[in-house]
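S.K.: Residue numbers (this note's numbering): 12 to 184.
Encoded as structure tokens, here's the structure I'll be asking about.
Next comes the structure, spelled out in structure tokens:
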């Protein structure tokens, strides 16, 4: 075999061995590029509806699940509502009225969150309030999930109080 061809083959083999050694070193010391993490989140249920008497509250349970490939912090918010609304995170019950809550979830982990809507005393029967609950990824803020919660005030029936004597005669106040 001519010397020039032999030198070329040896040079190519040397380059391949060098490349393999470099890749192994990068992998061993964690210098290789990490796979990009994908953010993901779901909420269940995506809609809910409840009703109750004025002056009381209703509680919706929403499950927030990290469907992404890495641990993520999610911003939980409630918007659109006119009635006072609280976010309650369990465990470690945190009640924060009309504001933002942060929760951290590992990949595949889910947590129940309660959204409590307080129906005002002055609400008329049939009055409705719609709350939008949103869980947004802090890793990728374009990734979010929404639940729409509709609360209705029940109709209340008030009967007049009629006083009668023992003969059945109506007594006027």
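Where a beta carbon is used, it is the ideal one built from N, C-alpha and C, also for glycine.
Among the candidates 79, 92 and 73, whose CA atom is the shortest distance from the CA of residue 142?
M.R.: 92
S.K.: Which two residues bound the contiguous beta strand (DSSP E) that contains residue 111?
M.R.: The continuous beta strand (DSSP E) containing residue 111 extends over residues 111–116.
S.K.: If you check the beta carbons only, do residue 131 and residue 77 fall under 8 angstroms apart?
M.R.: No. Outside cutoff.
S.K.: With distances taken from CA atoms, which of 69, 154, 58 and 63 is nearest residue 126?
M.R.: 69
S.K.: By the 10 Å Cβ neighbour count, where 16 or more other Cβ atoms means buried, how is residue 182 classified, buried or exposed?
M.R.: exposed
S.K.: What does a CB cutoff of less than 6 angstroms around residue 7 pick up in its chain, not counting 5 residues either side in sequence?
M.R.: The shown model of the chain, from 12 to 184, leaves out residue 7, and the question about it has no answer.
S.K.: Going by alpha carbons, who is nearest to residue 134 out of 59, 65 and 83?
M.R.: Ranking 59, 65 and 83 by CA distance to the CA of residue 134 puts 65 first.
S.K.: Going straight from the alpha carbon of residue 176 to that of residue 124, what length do you get?
M.R.: 55 angstroms
S.K.: Compute the Euclidean distance between the alpha carbons of residue 160 and residue 170, then round it to the nearest angstrom.
M.R.: 32 angstroms
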